[in-house]
Structure formats: structure tokens, C-alpha cells
Amino acid sequence: MARKKGVSGKTHTAQQLNDYANQHNPNSKAYKARVANQKQMSKQKNHKDFGYVADLDWMCYGKGMYEFD
């Protein structure tokens with residue numbers, strides 16, 4: 029048997045049920061805000077910022093790996 033998505037009135041308060049319904053109703057502000065937030069977060073998630081990358085060639089191609097003189 030397939031599992032339903034949703035919340036149960038036996039385990040949640042009326043306010044929680046209303047909040048869930050508003051977040052999953054395409055005509056409500058909460059739904060539109062959630063969708064906009066998901067789009068914004070996915071843009072940030074896909075953006076890879078490497079920040080400061082040090083040039084470590086001196087370590088690899090110097091005299092030796094453990095010789096710093």
C-alpha cells in the first residue's frame with residue numbers, strides 16, 4: 029500500500045494543519061514564498077565558491093617534499 033504524504037489530525041494541532049495546508053496550496057502566499065525560497069537556495073547550492081586557493085607548486089616541485097631549505 030502506498031504511503032500518503034501529509035499530516036494527520038490525530039498527531040497535529042489545528043494550527044499545524046492549517047500551516048501545512050497553506051504551504052502546499054498553490055494559491056497561497058506561503059506556498060509562493062516556499063517555492064521562491066527553494067529556487068533561491070538551489071541557486072546558492074549550485075554556486076561553488078572556492079574562495080582562496082593557495083599555489084602549492086613549491087611544495088610539489090621543490091627540492092623534496094620534506095626539504096624546506
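For what it's worth, the numbering used here labels the leading residue of the sequence shown as 29, then goes sequentially.
Quick reminder that beta carbons are idealized off the backbone N, C-alpha and C, glycines included.
Under the DSSP assignment, N46 falls in the alpha helix (DSSP H) whose first and last residues are A42 to Q51. Judged by beta-carbon spacing, N50 lies within the 9 Å limit of A58, meaning their Cβ atoms are closer than that value. Shown here, K33 sits in coil according to DSSP, grouped into three states, outside any helix or strand. Assignment of N55 by DSSP, reduced to helix, strand and coil, places it in the coil class. Within the same chain, N50 come within 7 Å of S56 by CB-CB distance, once the 5 residues on both sides are set aside.
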